[in-house]
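Chemist: In my numbering, the protein residues as written are 22 to 227.
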């Protein structure tokens, strides 16, 4: 009996020596476990793109025109005027939006068969165009002018001018009503005001 107990004790001791002790290890602080995400191997889709609003672009154009109408010159009976002009302009959007530019040309008037005048106007203008409707208001001066009234000739420089145009733009052709007012200060003759009303046709490139 004693020998059996001794043998059982030896067996337990040998098993305890063969089994390593279990130590409860705490995870190391500051180290996170790697994150594994399952994917199908395809790249992610691109972010959605929204269409940008169209920006209005300024367009350039050139205009050539002729005009004719009634002239009212101070101290002279009613007469008539005629003008050839050319200009350049910018418009905010093709055939629609704000418009601005410059006009120059050659203008003449005549009344009573003997009174007459000629000038080289230079006008800066601003306005608006909405599809076919066209309207501008401008101001400037006659770079040089000559008036012949009552057998007296006067010469002037940089005489003030104002210009108003209303009408229609039919894609390359403008039909306009035109009004101009000016004051002719002169050397060699009396200063005098003038009003001109009439119509104008312009050819444009925009």
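The C-beta atom is built at its ideal place from N, Cα and C for all residues, glycine as well.
Report the CB separation of residue 101 from residue 130 in whole angstroms; it is logged as a contact under 8 Å.
Modeler: Taking the chain shown and counting its residues from 1, one reaches residue 101 at position 80. Taking the chain shown and counting its residues from 1, one reaches residue 130 at position 109. That belief holds up - the Cβ atoms of residue 101 and residue 130 are roughly 7 Å apart, short of 8 Å.
Chemist: Inspect the beta-carbon positions of residue 112 and residue 148 and report whether they are closer than 7 Å.
Modeler: As a position in the chain shown, residue 112 is number 91, starting the count at 1. As a position in the chain shown, residue 148 is number 127, starting the count at 1. No, Cβ-Cβ distance for residue 112 and residue 148 is not below 7 Å.
Chemist: What does residue 220 pair with, by DSSP beta-bridge criteria?
Modeler: Here residue 220 is taken as the residue at index 199 of the chain shown, counted from 1. Answer by DSSP bridge pairing, in chain order: 89 and 198.
Chemist: Start and end of the beta strand (DSSP E) containing residue 129?
Modeler: The residue you call residue 129 lines up with position 108 of the chain shown. Here the beta strand (DSSP E) through residue 129 covers 117-132.
Chemist: Is the segment 64-73 touching the segment 194-208, taking contact as three or more C-beta pairs under 8 Å?
Modeler: Taking 8 Å as the limit for Cβ pairs, the verdict is that the segment 194-208 does not touch the segment 64-73.
Chemist: Assuming residue 192 is part of the beta strand (DSSP E), what are its boundary residues?
Modeler: Numbered from 1 along the chain shown, position 171 holds the residue referred to as residue 192. Per DSSP, residue 192 belongs to no beta strand (DSSP E) and is neither H nor E.
Chemist: Can you tell me the Cβ-Cβ gap for residue 104 and residue 135, rounded? I've got them flagged as a contact below 8 Å.
Modeler: By 1-based counting over the chain shown, the position of residue 104 is 83. By 1-based counting over the chain shown, the position of residue 135 is 114. That pair is no contact at about 21 Å.
Chemist: Count the other CB atoms within 10 Å of the CB of residue 160; is the residue buried (16 or more) or exposed (fewer)?
Modeler: Taking the chain shown and counting its residues from 1, the one referred to as residue 160 is at position 139. Classification for residue 160: exposed.
Chemist: Around the Cβ of residue 133, are there at least 16 other Cβ atoms within 10 angstroms (buried) or fewer (exposed)?
Modeler: Sequence index remark: in the chain shown, residue 133 carries index 112 (1-based). So residue 133 counts as exposed.
Chemist: Please confirm whether residue 221 and residue 199 have their CB atoms less than 7 Å apart.
Modeler: The residue labelled residue 221 in the question sits at position 200 within the chain shown. The residue labelled residue 199 in the question sits at position 178 within the chain shown. The answer is yes: Cβ separation under 7 Å.
Chemist: Taking the alpha-carbon positions, what's the residue 209 to residue 95 distance?
Modeler: As a first step, residue 209 is located in the chain shown; it is residue number 188 there, counting from the start. As a first step, residue 95 is located in the chain shown; it is residue number 74 there, counting from the start. The alpha-carbon atoms of residue 209 and residue 95 are separated by roughly 16 Å.
Chemist: Rounded to whole angstroms, what is the Cα-Cα separation between residue 93 and residue 137?
Modeler: Within the chain shown, residue 93 is the residue found at index 72, counting from 1. Within the chain shown, residue 137 is the residue found at index 116, counting from 1. Rounded to the nearest angstrom, the two C-alpha atoms are 12 Å apart.
Chemist: Between residue 207 and residue 216, what straight-line distance do the alpha-carbon atoms span, to the nearest angstrom?
Modeler: As a working mapping, residue 207 is identified with position 186 in the chain shown. As a working mapping, residue 216 is identified with position 195 in the chain shown. Distance between the alpha carbons of residue 207 and residue 216: 17 Å.
Chemist: Please name the residue, chosen from 86, 140, 146 and 218, that lies closest to residue 107 on a Cα-to-Cα basis.
Modeler: Sequence index remark: in the chain shown, residue 107 carries index 86 (1-based). Looking at the Cα atoms, 86 is the closest of the given residues.
Chemist: Does the beta-carbon of residue 213 have 16 or more other beta-carbons within 10 angstroms, so that it is buried, or is it exposed?
Modeler: Along the chain shown, one-based indexing puts residue 213 at 192. So residue 213 counts as buried.
Chemist: In the DSSP assignment, the beta strand (DSSP E) including residue 227 goes from what residue to what residue?
Modeler: To locate residue 227, count along the chain shown from 1; it is residue 206. Note, residue 227: premise wrong, no beta strand (DSSP E); not H, not E.
Chemist: Taking DSSP's pairing of strands, which residues face residue 137 in a bridge?
Modeler: For this step, residue 137 is matched to residue 116 along the chain shown. The partner list for residue 137 (beta bridge, DSSP) reads 131 and 169.
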